[in-house]
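To keep things clear, I will list the structure first and then write my remarks on it.
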Amino acid sequence: MFTGIVEELGVVEGIEQQDDAIRLTVRGAFVTTDASLGDSIAVNGCCLTVAQRDGETFTADVMHETLSKTSLGVLDIGSKVNLERAVTPTTRLGGHVVQGHVDGTGTVLRRTPSEHWEVVEVELPADLARYLVPKGSITVDGISLTVVDVHDASFTVSLIPETLARTTLGFKQPGDPVNLEVDVIAKYVERLLEHRQSPQDPQENA
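Take 1 as the starting number for the sequence shown in the UniProt record's numbering and just add one per residue.
Here it is, written out as structure tokens:
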């Protein structure tokens, strides 16, 4: 589990193509300080397992399923990525509950700068729009953000200078893909409501 508070901007140092996967090597001096084999590190919001560690770099295997459903497949050597280690029982929950399970990809539509912050509009898949509400939470490339406005096929977030300086959203441009994870609580509520509204088993009624 993660909180969506990016700890470090890492850099992709290696991409080894395999039959149905890639081996991704990322440099992250901070997140590797206590990394062990089998640990989880979120890379642009995708929970990956450390398969190898060498100094300030770690390597993870990324399956075809992950490549097809996230933006990790468009990374190149030199690409910057958001990194966050999994939380511990004593970690402050600075953002919100983030699983590192990407629900889909969105596209940056436009950026509107102002004096003290920047508004970014992101297009999202239609089947994810129902989980968003104004002032609710959304994870964009592993960053816990507060939704400002929700439209039929897009949403906006306001980014403070700290977020712009410390994450990939500081340089993402219109047309760039981003990983999206909606609030898991919203998905659980929907599932529970579906169960309540479905026809009950006659034996349950009895």
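The beta carbon of each residue, even a glycine, is placed where N, CA and C say it ideally should be.
This structure is a prediction, so every number in the text was calculated from the model and none was measured.
Considering only W117, P113, E115 and V178, the residue with the shortest C-alpha distance to L124 is V178. In the structure shown, S71 falls within a helical segment according to DSSP collapsed to helix, strand and coil. Of the residues A86, L75 and F30, the one whose Cα lies closest to the Cα of L48 is A86. Collapsing the DSSP output to three states places R92 in coil. T139 sits in a strand when the DSSP states are folded into three classes. Within a 10 Å sphere around the beta-carbon of L192 sit fewer than 16 other beta-carbons, which makes this residue exposed.
The criterion of a C-beta distance shorter than 8 Å is satisfied by N82 and D141.
For the pair E16 and K172, the Cα-to-Cα distance works out to about 25 Å. With contacts defined by Cβ atoms closer than 8 Å, V133 and V147 form a contacting pair. Distances from the alpha-carbon of T33 to those of D54, R23, L24 and G14 put D54 closest.
Apart from sequence neighbours up to five positions away, the residues of its chain that approach L145 with a beta-carbon distance below 6 Å are I138 and V157, ordered along the chain. For V102, the secondary structure class from DSSP, reduced to helix, strand or coil, is coil. By the neighbour-count definition (other C-beta atoms within 10 Å, threshold 16), L37 is an exposed residue. In this structure, L128 and V182 form a Cβ contact; the two beta carbons are roughly 6 Å apart against a cut-off of 8 Å.
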